[in-house]
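To start, the structure itself, in C-alpha cells.
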Amino acid sequence: MFTTLTIIKADVGSIGGHIAPSRRLLDTITRRIASDGESLLSDFFVGHTGDDIAILMVHPRGVGDSEIHRLAWDAFRAGTDSAKDQGLYGAGQDLLVSSFSGNVKGAGPAVAEMEFEERPNEPFLMFLADKTEPGAFNLPLYLAFADPMNTAGLLLSPEITQGFRFRVQDVSHVDGDRVIELEAPEDLYRLAALLRDNDRFVVESIRSRHDGEIAAVVSTQRLHNIAGKYTGKDDPVMLVRVQKNFPATGEILAPFAAAPYVGGFMRGSHVGPLMPVKHGTGCSYFDGPPIISCWAFCVHHGRLTEALDPFDHPFWDTVRDRAAEKALEMRRQGFSGPAMLPYSELEYGGIVKILESLESKFTVVRQDELAAV
Ligand code: 13P
Ligand code: 13P
Ligand code: MG
Ligand code: MG
Numbered sequence: 002m003f004t005t006l007t008i009i010k011a012d013v014g015s016i017g018g019h020i021a022p023s024r025r026l027l028d029t030i031t032r033r034i035a036s037d038g039e040s041l042l043s044d045f046f047v048g049h050t051g052d053d054i055a056i057l058m059v060h061p062r063g064v065g066d067s068e069i070h071r072l073a074w075d076a077f078r079a080g081t082d083s084a085k086d087q088g089l090y091g092a093g094q095d096l097l098v099s100s101f102s103g104n105v106k107g108a109g110p111a112v113a114e115m116e117f118e119e120r121p122n123e124p125f126l127m128f129l130a131d132k133t134e135p136g137a138f139n140l141p142l143y144l145a146f147a148d149p150m151n152t153a154g155l156l157l158s159p160e161i162t163q164g165f166r167f168r169v170q171d172v173s174h175v176d177g178d179r180v181i182e183l184e185a186p187e188d189l190y191r192l193a194a195l196l197r198d199n200d201r202f203v204v205e206s207i208r209s210r211h212d213g214e215i216a217a218v219v220s221t222q223r224l225h226n227i228a229g230k231y232t233g234k235d236d237p238v239m240l241v242r243v244q245k246n247f248p249a250t251g252e253i254l255a256p257f258a259a260a261p262y263v264g265g266f267m268r269g270s271h272v273g274p275l276m277p278v279k280h281g282t283g284c285s286y287f288d289g290p291p292i293i294s295c296w297a298f299c300v301h302h303g304r305l306t307e308a309l310d311p312f313d314h315p316f317w318d319t320v321r322d323r324a325a326e327k328a329l330e331m332r333r334q335g336f337s338g339p340a341m342l343p344y345s346e347l348e349y350g351g352i353v354k355i356l357e358s359l360e361s362k363f364t365v366v367r368q369d370e371l372a373a374v
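Here the numbering used here = 1-based position in the sequence shown + 1.
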C-alpha cells in the first residue's frame, strides 16, 4: 500500500510575542482539518513547537497534491482569522500570498512530503524546529546517515552498509530549485564541503542506496527569498523513516545530543544551540534558544499510532542543561563576532540601513597623507 506523509507548517500567530500558539488557534486548525479533510485523509495530527503549527497529513494522493495543500492552506487561513479575533501576535505571519495557487511552496508555509510503499511496520519520526533555519538539520543528518562514529548500523546492518544518496539544495537560488545529488560514503568530503554552510546548502532529501527508498525529507523554503524582506525565520520541519533499511531511531536522535550551534534565535539574526525539548515547549530566553521537538509514530494502512515523545526522557535533561550553558556562553558576547549572523544573513533591515547610512560618511586616507600626519 502506497502512503504519503505531508507536513505543512506555518506560524499564524502566538501569545505574548513569538512564544507559542493559543489553545483556541490549535483547536480551530484541528477542527478544520478534521471536517474538510474527511474524504481526503486517512489520518492526521496537529502539533506545535514554539510558535509554529505543523499539520501532518496521511493520504494516498502522492506528493505535491493540490487538494492536500489547499486543505492545509485553508486551515491556516481559518487559523489566521481566529488569531486575529483573539489579537494574537503576528497573526498570519507566514501566509505571504493573498490567494492559493495550487501549492503552498513559495507561499510561506514550510512543506516536507514523502511517498512510500508501507513496510509491514513503518516507524517514522517527525521533527519540528523553531527559531532556526532548514540548514540546522545538515549536521544531524550527515552524522546519522553518513558517519559510522554515530551510526553503528553503517557497519552492522547489511541493508544500510551500501550508504545513502543525499540531495542538497542551494537555497540562495531563487529561480527554481538548484540541487545536487551526492553519495555517501564516496562523496563524503564533497558533502561536508557543502553542508558546513547551513545558510546556503541544505539537505533536501535522503534515499537508501540499497533499494532507492526515501529515508528523509526536509523543508527548504526560505521566507525572505519569497517576501524579499524579513518575515520571520524559516523554522524547518523534517520526516525521517527509521529501522531496518534506515538508521535506528536512536541513531537519528543521537546527533541532537551535541546541541549544535545554529542560525536563528532572537530576531532570526543570531547563533544559538539547538535544544531538544519536550512537546508543548514554547520559546523563552532571548526568544529562544532554537528548539527542536520530535514525535515518533508508526503508520499502518494509512492510520497513525499515538505519538511518543523521544525527547521526554531523563537523558535529554542533561543535554538541555548543556544547551542552556552554551546559550549563555554565546550570549555573553552580545552582538560580537560569531554571536550574530554575518551581514548577508541578517534578517532585520535595521542594521542594513544603519550601515548604508554610514557609507557616505567614510573617508579614505591615502598612504602619502598618512605619512604627513
Ligand atoms: P531492528 O533490528 O529491530 O531494526 O533494531 C536494530 C537495533 O538494534 C536498534 O538499536
Ligand atoms: P519566528 O520566526 O519564530 O516567528 O520568530 C521571529 C523572531 O523574530 C523571534 O525573535
Ligand atoms: Mg512568530
Ligand atoms: Mg517560529
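Note that CB positions come from ideal geometry on N, CA and C, so glycine has one too.
How about methionine 267 and isoleucine 292: are their beta carbons less than 8 angstroms apart?
-> Numbered from 1 along the sequence shown, position 266 holds the residue referred to as residue 267. Numbered from 1 along the sequence shown, position 291 holds the residue referred to as residue 292. Against a cut-off of 8 angstroms, the Cβ pair of isoleucine 292 and methionine 267 comes out as no contact.
Run the CB neighbour count on threonine 319, radius 10 Å, all protein chains shown included, and call it buried at 16 or more, exposed below.
-> Counting from one through the sequence shown, the residue named residue 319 turns up at place 318. Exposed, by the Cβ-count rule.
Item to complete: Take the Cβ of glycine 251 as the centre, count every other Cβ of all protein chains shown within 10 Å, and call the residue buried at 16 or more, exposed below.
Response: Locating residue 251 in the sequence shown gives position 250, counting from the first residue. Exposed is the call here.
### Task
Please state if the CB of asparagine 139 and the CB of valine 218 are separated by a distance shorter than 8 angstroms.
For the purposes of this step, residue 218 is identified with residue 217 of the sequence shown, where counting begins at 1. For the purposes of this step, residue 139 is identified with residue 138 of the sequence shown, where counting begins at 1. With respect to asparagine 139, valine 218 sits apart: the two C-beta atoms are not nearer than 8 angstroms.
(Q) Using a 10 Å radius around the Cβ and a threshold of 16 neighbouring Cβ atoms, would you call aspartate 235 buried or exposed? (A) In the sequence shown, the residue the question calls residue 235 occupies position 234. Around the CB of aspartate 235, 16 or more other CB atoms lie within 10 Å, so the residue is classed as buried.
Would you kindly work out how many angstroms separate the C-alpha atoms of glutamate 346 and valine 278, rounded to a whole number?
The sequence position of residue 346 within the sequence shown is 345, counting from 1. The sequence position of residue 278 within the sequence shown is 277, counting from 1. Taking the straight line joining both Cα atoms gives about 26 angstroms.
Could you spell out the range, first to last residue, of the alpha helix (DSSP H) harbouring aspartate 322?
The count along the sequence shown starts at 1 and reaches residue 322 at position 321. Segment 315-332, the alpha helix (DSSP H) holding aspartate 322.
Just to confirm my understanding: we take alanine 137, look at its own chain, exclude 5 residues before and 5 after, and list those with CB closer than 8 angstroms. What are they? Sequence index remark: in the sequence shown, residue 137 carries index 136 (1-based). Taking C-beta separations shorter than 8 angstroms and ignoring five residues to either side along the sequence, the partners of alanine 137 in its chain run Ala130, Asn199, Pro237, Pro261, Val263, Gly264, Gly265, Leu275, Pro291 and Ile293, following chain order.
Exercise. Going by the beta-carbon positions, is the gap between glycine 109 and aspartate 86 smaller than 8 angstroms?
Worked result: Stepping through the sequence shown from its first residue, residue 109 is reached at position 108. Stepping through the sequence shown from its first residue, residue 86 is reached at position 85. Taking 8 angstroms as the Cβ cut-off, glycine 109 and aspartate 86 do not qualify as a contacting pair.
- Any non-hydrogen atom of ligand 4 within 7 angstroms of lysine 327 CB: Here the question's residue 327 lines up with position 326 in the sequence shown. No, the beta carbon of lysine 327 sits no closer than 7 angstroms to any heavy atom of ligand 4.
Assuming leucine 89 contacts serine 15 under a Cβ cut-off of 8 angstroms, what Cβ separation, rounded to an integer in Å, is found between them?
Indexing the sequence shown from 1 puts residue 89 at position 88. Indexing the sequence shown from 1 puts residue 15 at position 14. Contact holds; Cβ gap of about 6 angstroms.
- Query: Hey, arginine 208 and isoleucine 215: beta-carbon distance below 8 angstroms or not?
  - Reply: Residue mapping note: residue 208 aligns to position 207 of the sequence shown, counting from 1. Residue mapping note: residue 215 aligns to position 214 of the sequence shown, counting from 1. A distance below 8 angstroms separates the beta carbons of arginine 208 and isoleucine 215.
Point to revise | Spatially closest choice to threonine 4 from Gly51, Ile34 and Leu41, by CA coordinates | key: As a position in the sequence shown, residue 4 is number 3, starting the count at 1. Considering only alpha carbons, the answer is Leu41.
Report the residue ranges of all alpha helix (DSSP H) runs contained in full by the segment 148-176; include only those spanning at least 4 residues, in chain order. For the segment 148-176, the continuous alpha helix (DSSP H) assignments of 4+ residues that do not extend past its boundaries occur at 154-157, in sequence order.
Ligand 3 and glycine 91: does the residue's C-beta get closer than 7 angstroms to at least one heavy atom of that ligand?
In the sequence shown, counting from the first residue as 1, residue 91 sits at position 90. True, at least one ligand heavy atom lies under 7 angstroms from that Cβ.
- From which residue to which residue does the alpha helix (DSSP H) around glycine 80 run? Numbered from its first residue, the sequence shown carries residue 80 at position 79. Counting along the chain, the alpha helix (DSSP H) containing glycine 80 begins and ends at 67-87.
* Return the first residue and the last residue of the beta strand (DSSP E) that arginine 191 is part of. => To locate residue 191, count along the sequence shown from 1; it is residue 190. It is not in any beta strand (DSSP E) - arginine 191 instead sits in the alpha helix (DSSP H) that spans 189-196.
Over the uninterrupted beta strand (DSSP E) stretch that includes glutamate 357, give me the two end residues. The residue given as residue 357 occupies position 356 in the sequence shown. No beta strand (DSSP E) contains glutamate 357, which is instead part of the alpha helix (DSSP H) from 350-360.
Comparing the C-beta of tyrosine 143 with each C-beta of chain D, is any distance below 8 angstroms? Chain labels in this structure do not include chain D; a single protein chain is all it has.
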